[in-house]
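Comments concern the structure below.
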Amino acid sequence: MQSRTYTYTLYSAFGLAMGAVLVLTGFADYDELHAMLQLQNLRLLFTFAGGLGLSALAFVSLHFAGYLRLDQKILHPGIVPGSVAFGFGWALTGACPSVMIAHLGQGKVPAVATVAGMVMGVYLYRYLQPRLLRWDTGTCGA
Amino acid sequence: MGEYLSWWQGALAFGALTVLFQLLLRAPLGVSGSWAKLLDRKGEKEKEAQREAMQESNAFLEATLAEFGEQQVESAELEGSGVSTEPASKRPPVPWLAHVLFLGSIFVGAMLTTFLRGDLAIQMELSALHTQYSGGSIHIWITLLIGGLFVGLGTQMAGGCTSGHGLSGCANMAPASLLSTALFFMSAVIFSLLLEGI
Numbered sequence: 017m018q019s020r021t022y023t024y025t026l027y028s029a030f031g032l033a034m035g036a037v038l039v040l041t042g043f044a045d046y047d048e049l050h051a052m053l054q055l056q057n058l059r060l061l062f063t064f065a066g067g068l069g070l071s072a073l074a075f076v077s078l079h080f081a082g083y084l085r086l087d088q089k090i091l092h093p094g095i096v097p098g099s100v101a102f103g104f105g106w107a108l109t110g111a112c113p114s115v116m117i118a119h120l121g122q123g124k125v126p127a128v129a130t131v132a133g134m135v136m137g138v139y140l141y142r143y144l145q146p147r148l149l150r151w152d153t154g155t156c157g158a
Numbered sequence: 006m007g008e009y010l011s012w013w014q015g016a017l018a019f020g021a022l023t024v025l026f027q028l029l030l031r032a033p034l035g036v037s038g039s040w041a042k043l044l045d046r047k048g049e050k051e052k053e054a055q056r057e058a059m060q061e062s063n064a065f066l067e068a069t070l071a072e073f074g075e076q077q078v079e080s081a082e083l084e085g086s087g088v089s090t091e092p093a094s095k096r097p098p099v100p101w102l103a104h105v106l107f108l109g110s111i112f113v114g115a116m117l118t119t120f121l122r123g124d125l126a127i128q129m130e131l132s133a134l135h136t137q138y139s140g141g142s143i144h145i146w147i148t149l150l151i152g153g154l155f156v157g158l159g160t161q162m163a164g165g166c167t168s169g170h171g172l173s174g175c176a177n178m179a180p181a182s183l184l185s186t187a188l189f190f191m192s193a194v195i196f197s198l199l200l201e202g203i
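Chains as they are written, first to last, in this note's numbering: chain G, 17 to 158; chain Z, 6 to 203.
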C-alpha cells in the first residue's frame, strides 16, 4: 500500500520530469511541432515513436517475465471521433494536454486560452456523454 | 531557442518516464486522465469514500471468513449488501491531490527548464509563425480557445491523449491505443497541411 507522501512525491517528480522533457525535446516549441506536422522535420516523430517502441519493448518483456500485467484500454466508439477531434485541436494549438501546461510554464500567456478551451471541452464532453454519446469508455468506477 | 535533444535521447527520456511511472506508481502515465480527475474533485472524493468503505467491508468479510469458514459465509445472503467477495482492485487508489501536483509540476518543470536554457520570458504569442497562421495577435486567442476545446473534447471522448494512448496505451499493446495514436497523428498532420493551404 503506497503512502500518501510517496504518491505525492512521485507524482510531483514525474510532473517536473515531464515538463522538462517536453521543453528539452522541443514538443513545447510550436515551430518544431509544426515542422513535424508538415512532414518537413520528422525528429519529433522519431522521438515519439522511439519512446513508444522502447516502452512497448519494456512492458512486453516485463509482462512475459511475470512482473507486469498488461492493462489495456477498451475499444469503444468514442475513439475514432475523439482522436480525430484531438488531432485537429493539436494542429491548431500545437498543444496536447501536457504541452499546454508547458506552454504556460514557458511564459506563453495565450496558452491560458488553450487551457480555458481544454476545460470547456472536458465539461462539454461530460454534458454530451450521458445525453448523446451513450457508450462505455471502460472507466466507470476507475 | 537552443538545441533540442536528438531523437534517440528524447526517445529514451519518454521511454524512461513511461516505464518508471508504471513501475513505481503502478498506474499508467496519462495526462488527459489527470485533467479529468482534476476537474472532478467531487467525483474523486466520492470514489475515495467508496474505496474506504469497500476496504472496511473487505476487512470485515476477511475476519468473518477467518472466524466462521467459507461455507457458512457463502450460504448467508450477501446480495444487495454492497459487500464484495472479489479482491479489491490491485491498482492503488490515486488521491485527487496527486493529479493536481502532477499537472502543477509539469508547469514548474517546464518553467525551470526554460529558465535554465535562458529562454524564460513573458510572451504574448506561441511563436511568430503561429501568430501568422492564426491571422494576427488577436486571432491567436480565438484559435487557441477553439483548438483547446477540441483537445479537451477529443481526448475525453477518445479516453486518452499522446501520453495516455500514445505512450502508456501503446506500450501495453492495447488495440484501442494503437488505433487512437495512429488516428490523432494522421488527423493532426492532415489538418495542419489543410490549414497551411488556407
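Cβ atoms here follow ideal geometry from the backbone N, Cα and C, with glycine treated the same way. Predicted, not measured: the structure shown is a model, and the values here were computed from it.
Three or more C-beta pairs below 8 Å linking the stretch 116-131 of chain G and the stretch 166-173 of chain Z: Fewer than three Cβ pairs drawn from the stretch 116-131 of chain G and the stretch 166-173 of chain Z lie within less than 8 Å of each other, which leaves the two stretches out of contact.
K124 of chain G in three-state terms, based on DSSP: The DSSP-derived three-state label of K124 of chain G is strand.
Cβ of A118 of chain G within 9 Å of any chain Z Cβ: At least one CB atom of chain Z sits nearer than 9 Å to the CB of A118 of chain G.
Cβ distance (whole Å) where A72 of chain G is taken to contact M191 of chain Z below 8 Å: No, A72 of chain G and M191 of chain Z are not in contact; Cβ-Cβ is about 19 Å, not under 8 Å.
For T63 of chain G and A44 of chain G, the rounded distance between their alpha carbons: Spanning the alpha carbons of A44 of chain G and T63 of chain G requires a straight line of approximately 13 Å.
Alpha-carbon to alpha-carbon, G165 of chain Z and G38 of chain Z: Their Cα atoms are separated by approximately 7 Å.
Three-state class that DSSP yields for Q56 of chain G in the structure shown: In the structure shown, Q56 of chain G sits in coil (DSSP, three-state: anything other than H, G, I, E or B).
Endpoints, alpha helix (DSSP H) assigned at A81 of chain G: For A81 of chain G, no alpha helix (DSSP H) encloses it, and the DSSP letter there is neither H nor E.
Same chain, Cβ closer than 6 Å to E49 of chain Z, five either side skipped, listed in chain order: The answer, listed in chain order, is K42, W101.
G35 of chain Z versus A54 of chain Z: straight-line alpha-carbon distance, rounded: Cα to Cα, the separation comes out at about 23 Å.
Alpha helix (DSSP H) segment containing R144 of chain Z, residue limits: The sequence shown places His at residue 144 of chain Z, rather than the Arg named in the question. Bounds of the alpha helix (DSSP H) holding H144 of chain Z are 144-163.
Any C-beta of chain Z under 9 Å from that of L78 of chain G: Answer yes: the Cβ-Cβ gap between L78 of chain G and chain Z drops below 9 Å somewhere.
Residue burial classification, W13 of chain Z (beta-carbon count within 10 angstroms, cutoff 16): So W13 of chain Z counts as exposed.
CB contact check: A72 of chain G to chain Z, cutoff 9 Å: Closer than 9 Å to the CB of A72 of chain G there is at least one CB belonging to chain Z.
Pick from G:A74, G:L58, G:G110, G:G133 that is closest to T23 of chain Z, judged by C-alpha positions: The shortest CA-to-CA distance from T23 of chain Z to any of G:A74, G:L58, G:G110, G:G133 is the one to G:A74.
Residue from Z:L44, Z:P97, Z:L70 with nearest C-alpha to R56 of chain Z: Sorting Z:L44, Z:P97, Z:L70 by C-alpha distance to the C-alpha of R56 of chain Z places Z:P97 at the top.
Among Z:L200, Z:A115, Z:T167, Z:L199, the one whose alpha carbon lies nearest that of A187 of chain Z: The residue among Z:L200, Z:A115, Z:T167, Z:L199 with its C-alpha nearest the C-alpha of A187 of chain Z is Z:T167.
Neighbouring residues, chain Z, relative to P97 of chain G (Cβ below 7 Å): The contacting residues are M162.
Given A176 of chain Z as reference, the closest of Z:V113, Z:A58, Z:S132, Z:A21 once Cα atoms are compared: Closest by alpha carbon: Z:A21.
Residue burial classification, K47 of chain Z (beta-carbon count within 10 angstroms, cutoff 16): That one is exposed.
Pairwise C-alpha distance: G42 of chain G and L108 of chain Z: Straight across, the Cα-Cα distance linking L108 of chain Z with G42 of chain G is about 19 Å.
Stretch-stretch touch, CB-based, cutoff 8 Å, three pairs: the stretch 110-130 of chain Z with the stretch 89-102 of chain G: Per the Cβ contact rule, the stretch 110-130 of chain Z is not in contact with the stretch 89-102 of chain G (fewer than 3 Cβ pairs under 8 Å).
Chain Z contacts from the stretch 27-38 of chain G (Cβ-Cβ distance under 9 Å): Result list: Y27, S28, A29, F30, G31, L32, A33, M34, G35, A36, V37, L38.
The stretch 132-148 of chain G / the stretch 26-34 of chain G touching (three or more Cβ pairs under 8 Å): Verdict: no, contact absent.
Counted within 10 angstroms of its Cβ, other Cβ atoms place H135 of chain Z as buried (16 or more) or exposed: Under a 10 Å Cβ-count criterion, H135 of chain Z is classified as buried, with 16 or more other Cβ atoms of the shown protein chains found around its own Cβ.
Rounded straight-line distance, which links the Cα of S110 of chain Z to that of Q161 of chain Z: If you take the alpha carbons of Q161 of chain Z and S110 of chain Z, they lie about 22 Å apart.
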